[in-house]
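Novice:
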Amino acid sequence: MKRRKVCALICSAAAAMALAACGNSQETQQTDTQPEDTQQETQTESQSDAGQTSETGTGGSNILIAYFSVPETDGTDAEAGASRVVVDGQVMGNNEYIAQLIQQQTGGDLFAIETEEEYPGSHDDLLEYAYEEKSEDARPALAGQIDNLDNYDTIFLGYPNWNADLPMPLYTFLEEYDLSGKTIIPFTTHGGSGFSRTIDTIAELEPDAQVEEDGLAISRNAVPDAEGEVTDWVGGLGI
Ligand SMILES: Cc1cc2nc3c(=O)[nH]c(=O)nc-3n(C[C@H](O)[C@H](O)[C@H](O)COP(=O)(O)O)c2cc1C
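Residue numbering for the sequence shown follows this note's numbering, starting at 122 and increasing by one per position.
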């Protein structure tokens, strides 16, 4: 009798330990996916962001706004059509600004497509750098990643027209992420060429995604005043 009681005690203690270990391992899996400093951000950050801050980045939305944008640091000012916009003292690239407008309207999560190697800020250096990347058919390594891609079924994808093509980091992005079954809605800013044939290229790289052909192309000269146009376009998408 006594022996049976001892056995029961040992068994329940073992079960309790197993349960505790299970709980711990789950916690580790969730937090180990992020470096320590971003875990801190994750707990305090309120803005939607699908990047390294994946746990809180979801914001419950099924819409992701992924964009690539390189604000130039020299040349003409924003009003005269430079590749940057200044809003409340904050300097943004043109596509970054449009992405923020879409985010405000849709409540989606923002993800900046960034490269490990930073692009030159000055216009001439940037032109040369990008031209070389294109002629080498380069796939620049990306920094950061979308950890919660399954949460999204609609992806706004924004980028500048570079050399009548997608910037090469967009090739990396579209080859790295399988967007099958998702709806991709492109938007671009440009110096006169519109999308060129970039929407077709996106469809070729993501053959099992539904790529919206009626994307939004905004001339860089019109970017600072584009809020109304963006609002109308997003409103007309029926999402
Ligand atoms: C390297 C480079 C190449 C470009 N090539 C083109 C082009 O072929 N056609 C065009 O219309 N605009 C071109 N532009 C202009 C950009 O598309 C335009 O400035 C865009 O708004 C920049 O967006 P961002 O500030 O988000 O990077 C080019 C700009 C750069 C820096």
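Here a beta-carbon is modelled for each residue, glycine too, at the ideal position from N, C-alpha and C.
In the DSSP output, which residue or residues are listed as bridge partners for Pro281?
Specialist: Paired residues: Thr310.
Novice: Given the structure, does Ala259 come close to ligand 1, in the sense that its CB is under 8 Å from one of the ligand's heavy atoms?
Specialist: No, Cβ of Ala259 sits at least 8 Å from all heavy atoms of ligand 1.
Novice: Checking 9 Å against the spacing of the C-beta atoms, do Phe308 and Ile223 come in under that value?
Specialist: A contact, by the Cβ cut-off of 9 Å.
Novice: Using the Cβ count rule (16 or more neighbours within 10 Å means buried), how would you classify Val208?
Specialist: Per the 10 Å Cβ criterion, exposed.
Novice: Please classify Tyr273 as buried or exposed, where buried requires at least 16 neighbouring CB atoms within 10 angstroms.
Specialist: Buried, by the Cβ-count rule.
Novice: Hey, out of Phe189, Ser182, Leu185, whose CA is closest to Trp283's CA?
Specialist: Closest option to Trp283, Cα to Cα, is Phe189.
Novice: Can you name the residues that DSSP bridges to Ile339?
Specialist: DSSP lists Thr310 as partners of Ile339.
Novice: Within 10 Å of its beta-carbon, does Glu253 have 16 or more other beta-carbons around it, so buried, or fewer, so exposed?
Specialist: Glu253 should be labelled exposed.
Novice: If you run the structure through DSSP and keep just helix, strand and coil, what is Glu193?
Specialist: Glu193 falls in the coil class under three-state DSSP.
Novice: Take Glu296 as the anchor and find which of Arg260, Thr310, Gly228, Gly210 has the nearest alpha-carbon.
Specialist: Taking only the C-alpha atoms, the option nearest Glu296 is Arg260.
Novice: Indicate, with yes or no, if ligand 1 has a heavy atom lying under 8 Å from the CB of Ser182.
Specialist: Outside the cutoff, so no.
Novice: Go through its chain and collect everything with a Cβ distance to Glu200's Cβ below 6 Å, but skip five positions before and after it.
Specialist: Reliability of the predicted coordinates at Glu200 is poor, the pLDDT of 47 falling under 50, and the value obtained from them is presented with this limitation in mind. So no residue of the chain qualifies.
Novice: Taking the alpha carbon of Met213 as the reference point, which residue from Ala251, Val191, Leu300 has its own alpha carbon closest?
Specialist: When only C-alpha atoms are compared, the closest one is Val191.
Novice: Would you mind working out which of Phe294, Pro345, Gly349, Gly336 sits nearest Leu263, comparing C-alpha positions?
Specialist: Comparing Cα positions, the closest option is Phe294.
Novice: Taking the alpha-carbon positions, what's the Glu237 to Gln266 distance?
Specialist: So the alpha carbons of these two residues sit roughly 12 Å apart.
Novice: If you draw a straight line from the alpha carbon of Ala251 to that of Glu350, how long is it in whole angstroms?
Specialist: Taking the straight line joining both Cα atoms gives about 29 Å.
Novice: Would the stretch 344-360 count as touching the stretch 315-322 if we require 3 or more Cβ pairs under 8 Å?
Specialist: These segments do not touch.
Novice: Can you give the Cα-Cα distance for Gly312 and Ala285, rounded to whole angstroms?
Specialist: The alpha-carbon atoms of Gly312 and Ala285 are separated by roughly 10 Å.
Novice: Taking only the alpha-carbon atoms, compute the straight-line gap between Gln151 and Glu249 and give it to the nearest angstrom.
Specialist: Residue confidence is low: Gln151 scores 27 on pLDDT, short of 50, so the model does not pin down where it sits. Its coordinate-derived value is still stated next. Going by the C-alpha atoms only, they are around 42 Å apart.
Novice: For Phe232, does the three-state DSSP call read helix, strand or coil?
Specialist: Of the three classes helix, strand and coil, the one that applies to Phe232 here is strand, per DSSP.
Novice: Just the Cα atoms here: how many angstroms apart are Met289 and Val355?
Specialist: So the alpha carbons of these two residues sit roughly 26 Å apart.
Novice: Closest to Ser204 by CA distance: which of Glu334, Thr310, Leu337 is it?
Specialist: Measuring from the Cα of Ser204, the nearest candidate turns out to be Thr310.
Novice: Which class does Tyr188 belong to by DSSP, given the choice of helix, strand or coil?
Specialist: If DSSP states are grouped into helix, strand and coil, Tyr188 belongs with the strands.
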